[in-house]
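*Asks:* Can you read through this structure? Questions will come right after.
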Ligand code: ADP
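Residue numbers (UniProt numbering): 1 to 180.
Given below as structure tokens:
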């Protein structure tokens, strides 16, 4: 695990599976607009949570790129799931603004719900095609910009599925703040 402190908030990276983070209050889903099961990380989250998650989510949708909504965690070890719709790279514009909005909206929603620890996957970097290096820069800048305004969130964990994605996020996390 790599960690960096930003005021009262610890930002950290781990390689692993977002559905197996039992010490976090909330995990974030890289959702589709309709908040249905889907593939990639969304499929894994819905499988681990059970069919009640989709039942709860469908009435909350559809959502637009950059938006976030919250649900219960059902059979997940986490009390909450925050569902974000990332931009499709090359299609939803401006990509960086919409990706940053996902992280900002998710963190503000978590904070309003008294969540102290939250885990994110690398939103938009799978099926939606966002290059990992670019996504890591935008993501870390969005998080560092929003953390000073948070009252409850104390841990932000990036759960990267591959070692190589973790290495990219580590470089962005350890870059001097002005370069983020
Ligand atoms: P998007 O449609 O937003 O691109 P994907 O689910 O296709 O969403 O991928 C987002 C990222 O999540 C990718 O980097 C992918 O490798 C990663 N991922 C897939 N499954 C998991 C998992 N179980 N835990 C953490 N990350 C995952």
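Where is the CB? At the ideal position from N, CA and C, for every residue including glycine. Since the structure is predicted, the reported quantities are computational estimates derived from the model, not experimental observations.
Could you tell me the distance, in whole angstroms, from the CA atom of residue 140 to the CA atom of residue 36?
*Replies:* Mapped onto the chain shown, residue 140 falls at position 140. Mapped onto the chain shown, residue 36 falls at position 36. Taking the straight line from one Cα to the other gives about 27 Å.
*Asks:* Can you tell me where the alpha helix (DSSP H) holding residue 12 begins and where it ends?
*Replies:* In the chain shown, residue 12 corresponds to position 12, counting from 1. Element bounds for residue 12: not the alpha helix (DSSP H) but the beta strand (DSSP E), 9-15.
*Asks:* Could you pull out every residue in the same chain whose Cβ sits closer than 8 Å to the Cβ of residue 104, ignoring the five residues on either side in sequence?
*Replies:* Taking the chain shown and counting its residues from 1, one reaches residue 104 at position 104. Hits under 8 Å: 142, 145, 146.
*Asks:* I'd like the list of long-range same chain contacts for residue 136, defined as Cβ closer than 6 Å, with 5 residues on each side in sequence excluded.
*Replies:* To locate residue 136, count along the chain shown from 1; it is residue 136. The residues are 168, 169, 172.
*Asks:* Distance check for residue 160 and residue 70, CA to CA, integer angstroms please.
*Replies:* Sequence index remark: in the chain shown, residue 70 carries index 70 (1-based). Sequence index remark: in the chain shown, residue 160 carries index 160 (1-based). Rounded to the nearest angstrom, the two C-alpha atoms are 21 Å apart.
*Asks:* What is the DSSP secondary structure of residue 113, counted as helix, strand or coil?
*Replies:* Taking the first residue of the chain shown as position 1, residue 113 is located at position 113. Residue state, collapsed to three classes: coil.
*Asks:* Is residue 77 a contact residue of the ligand ADP, with contact defined as CB to any heavy atom under 7 Å?
*Replies:* For the purposes of this step, residue 77 is taken as the residue at position 77 of the chain shown. Because no heavy atom of the ligand ADP lies under 7 Å away, the Cβ of residue 77 does not count as near it: no.
*Asks:* Looking only at C-alpha atoms, which of 179, 60, 164, 26 sits nearest to residue 152?
*Replies:* For the purposes of this step, residue 152 is taken as the residue at position 152 of the chain shown. That would be 26, whose Cα lies nearest to the Cα of residue 152.
*Asks:* May I ask you to verify whether the segment 47-59 touches the segment 94-108, counting CB pairs closer than 8 Å and requiring at least 3?
*Replies:* The segment 47-59, when compared against the segment 94-108, does not touch it at the 8 Å Cβ threshold.
*Asks:* For residue 162, which residues from the same chain have a beta carbon less than 8 Å from its beta carbon, with the 5 sequence-adjacent residues on both sides left out?
*Replies:* Position 162 of the chain shown, counted from the first residue, corresponds to residue 162. Excluding positions up to five away in sequence, the list reads 15.
*Asks:* Which whole-angstrom value is the C-beta distance of residue 30 and residue 61, which I expect to be below 8 Å?
*Replies:* Along the chain shown, read from residue 1 onward, the residue named residue 30 stands at position 30. Along the chain shown, read from residue 1 onward, the residue named residue 61 stands at position 61. Not a contact, Cβ separation roughly 14 Å.
*Asks:* May I ask whether a heavy atom of the ligand ADP can be found less than 7 Å away from the beta carbon of residue 19?
*Replies:* As a first step, residue 19 must be located in the chain shown, where it is residue number 19. Residue 19 Cβ: within cutoff of the ligand ADP.
*Asks:* Going by DSSP in three states, residue 29 sits in which element: helix, strand or coil?
*Replies:* Residue 29 sits at position 29 when you count from the first residue of the chain shown. Strand, per DSSP.
*Asks:* Am I right that residue 125 and residue 154 are in contact with their C-beta atoms under 8 Å? What's the rounded C-beta distance?
*Replies:* Translated into positions along the chain shown, residue 125 becomes position 125. Translated into positions along the chain shown, residue 154 becomes position 154. Rounded, the Cβ-Cβ distance is 25 Å, inconsistent with contact.
*Asks:* For my contact list, residue 3 and residue 12 are in at a C-beta cut-off of 8 Å; report their separation, rounded to the angstrom.
*Replies:* Residue numbering aside, residue 3 sits at position 3 when the chain shown is read from its first letter. Residue numbering aside, residue 12 sits at position 12 when the chain shown is read from its first letter. Residue 3 to residue 12, Cβ: 4 Å. Contact.
*Asks:* So who's on the other strand from residue 72, going by DSSP bridges?
*Replies:* In the chain shown, the residue the question calls residue 72 occupies position 72. Residue 72 pairs with 80.
*Asks:* Can residue 123 be considered in contact with the ligand HEM, in the sense that its beta carbon sits closer than 7 Å to one or more heavy atoms?
*Replies:* Because the ligand HEM does not appear in the structure shown, any question about it cannot be addressed here, the ligands present being the ligand ADP.
*Asks:* If contacts are defined as beta-carbon pairs under 8 Å, then residue 157 and residue 119 qualify, I think. What distance do you get, rounded to the angstrom?
*Replies:* Indexing the chain shown from 1 puts residue 157 at position 157. Indexing the chain shown from 1 puts residue 119 at position 119. That belief holds up - the Cβ atoms of residue 157 and residue 119 are roughly 4 Å apart, short of 8 Å.
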